[in-house]
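Okay, so here's the structure we're looking at.
Number of protein chains: 2
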Amino acid sequence: MLQTVQWAADACRLLDQTKLPTETTYLDVADEHAMWDAIRRLVVRGAPAIGVAAAFGVYLGVRGFTGDLLEFYDRLNTVCDYLATSRPTAVNLFWAIDRQRRTARDAGRDLPAGAADDHAVAVIKARLLATAKHMLDEDTAACRKLGAHGLDLLTPLADPADGVIRLLTHCNAGGLATVQYGTALAPVYVGVERGHRFHVYADETRPLLQGSRITAFELKANGVDTTVICDNMAATVMAQKKVAGVIVGTDRVAANGDVANKIGTLGVAVLARHYGIPFYVAAPTSSIDMSLATGDQIPIEERPAVEVTHGLGKQTAPDGVGVFNPAFDVTPAELVTAIITERGVVRPPYGEGLRRVVG
Amino acid sequence: MLQTVQWAADACRLLDQTKLPTETTYLDVADEHAMWDAIRRLVVRGAPAIGVAAAFGVYLGVRGFTGDLLEFYDRLNTVCDYLATSRPTAVNLFWAIDRQRRTARDAGRDLPAGAADDHAVAVIKARLLATAKHMLDEDTAACRKLGAHGLDLLTPLADPADGVIRLLTHCNAGGLATVQYGTALAPVYVGVERGHRFHVYADETRPLLQGSRITAFELKANGVDTTVICDNMAATVMAQKKVAGVIVGTDRVAANGDVANKIGTLGVAVLARHYGIPFYVAAPTSSIDMSLATGDQIPIEERPAVEVTHGLGKQTAPDGVGVFNPAFDVTPAELVTAIITERGVVRPPYGEGLRRVVG
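Okay, here's the thing in C-alpha cells:
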C-alpha cells in the first residue's frame, strides 16, 4: 500500500506527489532544509501527512547537534520556527511542531537530576524520533478505525449480482493526504484487506483535478478498480445505477452537520438525494468544529481565475472574461446520510451525535 | 453581432472558430476546395452553420465554369459530391447540398425553351448564390423567432432589484453553431436588442470546454456580462441564488419531451429542480424527432478516454486508468419546464405539444 511518509533507516522518505500521476518516486529527506522545501513544494501534502512529515523534520534538524543542553534547546526552537514557515495555513503543521517542542521539554524534565548534557541531548533526540514515528502510527491507526466504521456502512451496498461495492467519490480524501488509508477512501482500503471488492468512480474535480491526478492514481496503485469521469458525468453515472453510494471527505464540519468540502461536493449530494443513494462523509474528529453553529459560518476561499481559464497551461476561456472560482462548497446536513469518524458513525440529528464523538 | 457565415462581395467569409477564444479572425473562402477544408478543419462548426457554408461552397465550385449546360450539371454534381465528403455526420450538410442540386434543376426547368447555354448557366449560377444567401437569412430568421419566444419566458425572471436577467447555460447552443443568434442564446441576443440586461453563467463543459471556449467567447464578444464556472460550481451558483433560470440547447428531443444534450445537462436539470428554478430547452423543430417514443432510444456516443485524461494538453490521470466518457446525456421530460421552438413554446405534457409544432 502506498505510504506518503516513512522512516527509512536514517532519513524520512516521502512519496514525491509533485510527480503524480505519471511517476511514482520517493524522496529521502535528511535535514530540516530539505523537509522545509518538500513541504513548500507539495512533495508531501494533505494536513495530516504534512504534520507527520514536520515532526520528522524537527528530529532531522537536531540529530547532528553537538553541544550543551541549553544550546540544544536553542537549536530546537530555531528548527521549529523555521519549519513552521514552510506553509501558512495547515493547522496540523503547527500542531505537530508544538507537539515536538513539548516532547523535548517533557523528555528534559524526565531526566534524572545531574544527567550529563551529552546523555540528555541523546535521550531527547531519541524521544523526538520516537514521537514522530508514533504520530505516523497514530495517523494510520485513526484512518484504519474510521475505515472500519465506514466499511460497516458500505458493505450493505454490495451489488447482489457480483458482490462488488460501487461508489463515487469527489476530490481526494485518500491515503495521499494522510500517511496512508486516508479518510473517505479508508473504508475502501480496509475493505480490500478484508476481501471485499470495490469499483470507484472518481470525479476528476476541476479546476485542480485532484480526483484524476491523485485519487485515481492512488486507487489504481493500490489495486482498486477505478473509473475517472468528468464532474458533469456524475448524474449519468447515478441515473444508470453504476454506483450504489457516494463517499467524500471534508475540510470542516459545523456543529449542525453542515459539511464544507471541495467545490462540487454539494452538487454530488443533490444528485445522490435525487437518485436515492446514500451520501456519506468521512470526517476525522479533528475536522469537526463545534464552535460553528452552521455551515454558513465556514469561510469559503475564492481562488484565482487563472485556475479555471488556463487549466493546465493552456488558455481555454476568452481574455478578461468573468470567473467565479470558489474552492469549497457547503453541503447542508439534510443531504448527508451519515458522518463517519474514527470514533464511530454519526447519524441525524447531527448536533447531538457530533457533540458525543468530539466531547 | 458575431456572424459565423457571411457573403462578402465575391467570397464566403467565415469566422475562423479554430482560433477561438484567443483570436477573432475571418477566412475568405473563394472556391470549393477551401470550403471543404474549412468544414473539415472546423473553421465553421455547428450543423446549421455548416449547412449554409456548404450551400455557398456549391456556388463557389461552379461560378468560374464556362461550357455547355450538360457539362455545367456534371460539374455541379462533382462539386456537390465532393463537398459532401467534408464531414460524415452533420445532417444539415447533406440537406443543404441536396437543396442546391434541386435549386439548379428547378432553375434549369424554369428557363424558356431554346435559351442559350451560356445564358442558362449564368441564370443557374445566380440562383445558386441567391439560394445560399436565402438560407443564411432563413437560419437567422428561425433563430430570431425562437429567441423572441424564449424571451417571453425569461423576462419574468428579471431580478426585481436591478432588472438583470441572470441565467446559467451549459455547452454551446449559441450563435457560433448557427449563422448568428443560436438557439439557447437567441433569447439573450434578441433580449439585448430590445434593451434587456443579462448576466450569463457559462459552465465550462468538460471535457471539450465548449462553454468556456465558445459560449463565453461569443457572449463576451456580443457585449453580454458573462461568468465562466467549472461544471461542478453550478450547485453553488444556484444555492447562492446567483441565477434565476437555466437555458440549454439540445441535439435531439424525443416525442415524449426527453432531451438529449451535451453531457452534464442532466445534472444541471436535477440541480435546477432541487433549487426550484426553471429549466428551459431551446429546440428548433428540426431537432425534434417524433420517431423516438422516449429518450431511452436516443443513441449516446461514447468518446475516447484521451479527451478526459489528456484534456488540457497535459496528462491528468494515471496511465491505463478506466475512463467513462459519454458525450451526451438524456434529461427526462419531467425535469424540463418548457421547450422553446421557432414556432412557439411547448409545455408539459409534451407529447401533444411537440406533435402540434412539428406537424
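Same order as they appear, the protein sequences are chains A and B. So the first sequence is residues 4 to 362, counted in the working numbering. So the second sequence is residues 4 to 362, counted in the working numbering. Cβ atoms here follow ideal geometry from the backbone N, Cα and C, with glycine treated the same way. Model, not experiment: these values are computed from the prediction.
Taking Cβ positions only, does P281(B) come closer than 9 Å to chain A?
Taking Cβ atoms only, chain A never reaches closer than 9 Å to P281(B), which makes this a no.
Where does the unbroken alpha helix (DSSP H) through C3(B) begin, and where does it stop?
A question about residue 3(B) goes unanswered here, because the residues of chain B that appear run from 4 up to 362.
For D261(B), return the contacting residues in chain A, with the cut-off set at a CB-CB distance below 9 Å.
Contact note: D261(B) does not reach chain A at a C-beta cutoff of 9 Å; the least C-beta distance is about 12 Å.
Give a yes or no on whether the C-beta atoms belonging to I217(B) and N328(A) are separated by under 9 Å.
It is not a contact, given that the beta carbons lie outside the stated cut-off.
CB contact check: I100(A) to chain B, cutoff 9 Å
No, I100(A) lies away from the interface with chain B (no Cβ there is under 9 Å from its Cβ).
Interface residues of chain A facing P321(B) [CB-CB closer than 7 Å]:
At a C-beta separation below 7 Å, P321(B) has these neighbours in chain A: P24, A219, F220 and K223.
Please report the Cβ distance between I280(B) and A247(B), rounded to the nearest whole angstrom; I am assuming they are in contact, meaning their Cβ atoms lie under 8 Å.
Confirmed, about 6 Å.
Can you tell me whether T181(B) is buried or exposed? The criterion is at least 16 other CB atoms within 10 Å of its CB, across all chains shown.
With 16 or more other Cβ atoms within 10 Å, it is buried.
Rank W39(A), G325(A), R350(A) and R102(A) by C-alpha distance to the C-alpha of A219(B) and give the top, closest one.
Among W39(A), G325(A), R350(A) and R102(A), the Cα nearest to that of A219(B) is on G325(A).
Three-state secondary structure (DSSP) of N328(B):
Reduced to three states, the DSSP call for N328(B) is coil.
I'd like the ranges of any alpha helix (DSSP H) spanning at least 4 consecutive residues and lying wholly in the region 52 to 110 of chain A.
Within the region 52 to 110 of chain A, the runs of alpha helix (DSSP H) at least 4 residues long that lie entirely inside it are, in chain order, 72 to 86.
Less than 9 Å between the beta carbons of H173(A) and N235(B), yes or no?
In this structure, N235(B) lies closer than 9 Å to H173(A) by Cβ.
Is the beta carbon of A87(A) sitting closer than 9 Å to the one on I53(A)?
No, Cβ-Cβ distance for A87(A) and I53(A) is not below 9 Å.
Measure the C-alpha to C-alpha separation of I343(A) and V361(A) and round it to an integer number of angstroms.
So the alpha carbons of these two residues sit roughly 12 Å apart.
Suppose you measure from the CA of D261(A) to the CA of F282(B); what does that come to, to the nearest Å?
Straight-line Cα distance between these residues: approximately 27 Å.
Rounded straight-line distance, which links the Cα of A272(B) to that of E305(B)
Each residue's CA atom was taken as its position, placing E305(B) and A272(B) some 21 Å apart.
Span of the alpha helix (DSSP H) holding I303(B)?
For I303(B), no alpha helix (DSSP H) run applies, since DSSP gives it neither H nor E.
Does the beta-carbon distance from H202(A) to V167(A) come in below 9 Å?
Yes, the pair counts as a contact, with Cβ atoms nearer than the cut-off.
Might you give, ordered along the chain, the residues of its own chain that have their beta carbon closer than 7 Å to the beta carbon of L23(B), omitting 5 neighbours on each side?
Excluding residues within five positions, the ones whose Cβ falls inside 7 Å are R216, I217 and F220.
Does DSSP put T288(B) in a helix, in a strand, or in coil?
Residue state, collapsed to three classes: helix.
Measure how close the beta-carbons of A56(B) and V8(B) come, nearest whole angstrom, since I'm counting them as under 8 Å.
Beta-carbon to beta-carbon, A56(B) and V8(B) are separated by about 5 Å, close enough to satisfy the 8 Å threshold.
Element boundaries [alpha helix (DSSP H), containing I42(B)]
Note, I42(B): alpha helix (DSSP H), E35 to R43.
Provide the residue span of the alpha helix (DSSP H) that contains R359(A), from first to last.
Where R359(A) is concerned, the enclosing alpha helix (DSSP H) stretches over Y353 to V361.
T253(B) - DSSP class collapsed to helix/strand/coil:
Assigned with DSSP and collapsed to three states, T253(B) falls in coil, not helix or strand.
Pair within 9 Å by beta-carbon distance, V256(B) and L357(B):
It is a contact, given that the beta carbons lie within the stated cut-off.
Which whole-angstrom value is the C-beta distance of L114(B) and A123(B), which I expect to be below 8 Å?
Confirmed, Cβ separation roughly 5 Å.
Any C-beta of chain E sitting closer than 9 Å to the C-beta of P210(A)?
Note that chain E does not occur in the displayed structure, where the protein chains are A and B.
From the DSSP secondary-structure annotation, give me the bridge partner or partners of K223(B).
Answer by DSSP bridge pairing: none, since K223(B) is not bridged.
Decide if the region 12 to 29 of chain A is in contact with the region 144 to 159 of chain A; the criterion is three or more beta carbon pairs, one per stretch, under 8 Å apart.
Verdict: no, contact absent.
Which same chain residues end up closer than 8 Å to L96(B) when comparing Cβ atoms and leaving out the 5 residues on each side of it in sequence?
Only I42, A50, I53, G54, A57, L86, A87, S89 and R90 meet the Cβ criterion.
DSSP three-state call for D234(B): helix, strand or coil?
Secondary structure of D234(B) (DSSP, three-state): helix.
Using a Cβ cut-off of 9 Å (strictly closer), state whether I250(A) contacts chain B.
Not a single C-beta of chain B is nearer than 9 Å to the C-beta of I250(A).
For R147(B), I'd like the list of residues in its chain whose CB is within less than 8 Å of its CB, leaving aside the five on either flank, ordered along the chain.
Once the five neighbours on either side are set aside, the close Cβ partners of R147(B) are Y184, A189 and V193.
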